[in-house]
Amino acid sequence: MDGTLANTQSLSLNAGTGGAIAASSTIGTGTSLATLTVTNSNGATFSGAVTTGTSVVLTDTTDATAITFNGALTTPTLTTAAQGYNLVLNGGATITNAVSFAHTGTLTLGNDAADVLLFDGGLTATDPSGVTLNGTVRTSGDAVSLGDGNTALTLAGTTSIIDTTNNGGTAAGAGITLGGAVDGTLANTQSLSLNAGTGGAIAASSTIGTGTSLATLTVTNSNGATFSGAVTTGTSVVLTDTTDATAITFNGALTTPTLTTAAQGYNLVLNGGATITNAVSFAHTGTLTLGNDAADVLLFDGGLTATDPSGVTLNGTVRTSGDAVSLGDGNTALTLAGTTSIIDTTTNGGTAAGRASPWAGRWMARWPTRRA
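In our numbering, the protein residues as written are 1 to 372.
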């Protein structure tokens, strides 16, 4: 189906509350429509690509039934009304203006890791009852906000990406906010990569992977990243880059087999305790903070080495299961920030032999005693 003059003819479809809409082929890909409107239906499926020159307006559809786009959706403006239908974008999308998803059913973004959905002006999805991501969501330097306390984000594909740099085209990027819980659909299977560029902050307000663990969580880049809730992955957490002297902060418990930090100048803060199975060598060159309370316990089950950071602050207990701890060198001081800090290579007595714990750098405490 096409118009006769690009961005001139519009189409409105109303199948009522009991009728389904089925478009088996493309719409507007030869000559674009101006506006496509779904006024009402008992479910609508657009099997082919849909292209409009002005807008796509989704006014209503029966609650809990879906308006589904299985082909690529291309439009300057996408408008969803505050109704209880579900919306499924399976075929990728290119949407010019900012999108705020107002419908209150579910939202599905992609159904394959190869799907790319470009929301050129950014997107907000806090009104839907849940968001499922399978593919890549991109913006060109505009913010992404997915979920809130009532809207969880579920990862359905092997690798999902949220990228506000448009694949590097806008290096500064923009903020990424994950307001609700984030989980996979099968334990240790789905991975999430976050790229907010050099100028965008990442803020995850709830838990990640505590319901169904992710495989890998990657911070590709940011201007600071804060994970407020517990984070659990079944394979790894990879911290590739963040602007120098800004922090990647985990305020909840971090649980992962492998923690990898790249040789970049960001700071790393582990405030909520940690359980990390394999040996950790902190390669980042900013500061490292281990705990923010005497009750915090950070178990590095395979041992840890922190000689590359510019400084290490300890407030709590660092444990290993009979593996060595190496903190500091001539350029890396260890500062004690709590009333009592403990370094224990016996897992609280569980591995009686323990291991040596060398300090090659300076040890500084916040009381008068100082060792050089």
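Every residue, glycine too, gets a C-beta built ideally from N, C-alpha and C.
So, is G209 buried or exposed, given that buried needs 16 or more other C-beta atoms within 10 angstroms? buried
G395 - DSSP class collapsed to helix/strand/coil: This structure gives no information on residue 395, because the portion of the chain shown stretches from 1 to 372.
Expected contact under 8 angstroms - CB spacing of T226 and N195 to nearest Å: The Cβ separation is near 16 angstroms, so there is no contact.
Exposed or buried, S12, counting other C-beta atoms within 10 Å across all chains shown (16 or more means buried)? exposed
List the whole-angstrom C-beta distance separating A171 from T207, where the pair is believed to meet the contact cut-off of C-beta under 8 angstroms. No, A171 and T207 are not in contact; Cβ-Cβ is about 30 angstroms, not under 8 angstroms.
N223, buried or exposed, once every other Cβ within 10 Å from all chains shown has been counted against 16: buried
Contact set for L327: own chain, Cβ-Cβ below 7 angstroms, skip 5 residues either direction: A306, V312, L334 and W359
Alpha carbon to alpha carbon, how far is L155 from R370? Give it in angstroms, no decimals. Confidence is the limiting factor: at R370 the pLDDT is only 34, short of 50, which leaves the residue's position unreliable and the question unanswerable from this model.
Determine the burial state of D293: buried for a count of at least 16 other Cβ atoms within 10 Å of its Cβ, exposed for fewer. exposed
Between V57, A295, D115 and I276, which has its C-alpha nearest G303's C-alpha? I276
Less than 6 angstroms between C-beta atoms, sequence neighbours within five positions excluded: which residues of the same chain meet that for R319? L299, D344 and T347
Can you grab the Cα-Cα spacing for the pair G149 / P128, in whole Å? 11 angstroms
Kindly indicate which residue of V116, G175 and A81 has the alpha-carbon position closest to the one of F101. A81
Could you check how far apart the C-beta atoms of A247 and L268 are, in whole angstroms? I think they sit under 8 angstroms. The Cβ separation is near 7 angstroms, so the contact holds.
DSSP-derived helix/strand/coil call for A102: Coil, per DSSP.
Any idea which residues DSSP pairs G130 with across the strands? T106 and A152
Beta-carbon contacts of Q373 that lie in its chain and below 7 angstroms, excluding the five residues immediately before and after: There is simply no residue 373 to check, as the chain begins at 1 and stops at 372 in what is shown.
Span of the beta strand (DSSP E), counted from its first residue to its last, around F282: From DSSP, F282 is part of no beta strand (DSSP E); its letter is neither H nor E.
Tell me which same chain residues have a C-beta within less than 6 angstroms of the C-beta of L58, skipping the five on either side of it? V38, I67 and T80
Three or more C-beta pairs below 8 angstroms linking the segment 134-147 and the segment 108-115: yes
Can you tell me where the beta strand (DSSP E) with V125 in it begins and where it stops? Reading off the sequence, residue 125 comes out as Ala, not Val. Per DSSP, A125 belongs to the beta strand (DSSP E) from L123 to A125.
Would you kindly work out how many angstroms separate the C-alpha atoms of F46 and T108, rounded to a whole number? 15 angstroms
Please return the same chain residues whose Cβ sits closer than 7 angstroms to the Cβ of P309, not counting the five positions on each side in sequence. F282, H284, T285, G286, T287, L288 and T332
Close Cβ partners of D163 (< 6 angstroms) along its chain, the five nearest in sequence each way excluded: R138 and N195
Rounded to whole angstroms, what is the Cα-Cα separation between S341 and L270? 15 angstroms
Is the beta carbon of G180 sitting closer than 9 angstroms to the one on L146? yes
In chain order, what residues of the same chain lie with their CB nearer than 6 angstroms to the CB of N14, ignoring the 5 residues before and after it? T39 and N40
From the DSSP output, read off the bridge partner residues of A274. L254 and L298
Unbroken beta strand (DSSP E) run spanning G53, endpoints: V50 to L58
Assign D63 to buried or exposed, taking buried as 16 or more other Cβ atoms, counted over all protein chains shown, within 10 Å of its Cβ. exposed
Helix, strand or coil: how does DSSP classify T80 here? strand
Terminal residues of the beta strand (DSSP E) in which S193 lies: Membership of S193 in the beta strand (DSSP E) is indicated by the continuous run S191 to N195.
Assigned exposure category for N86 - 16 Cβ within 10 Å defines buried: Taking all protein chains shown into account, N86 has 16 or more neighbouring C-beta atoms within 10 Å of its C-beta and is therefore buried.
Spatial neighbours of T185 within its chain, please: C-beta separation below 8 angstroms, excluding the five flanking residues on both sides. Result list for T185: T154, L155, A156 and T212, in chain order.
So which of A279, A204 and A6 has the shortest CA-CA distance to G322? A279
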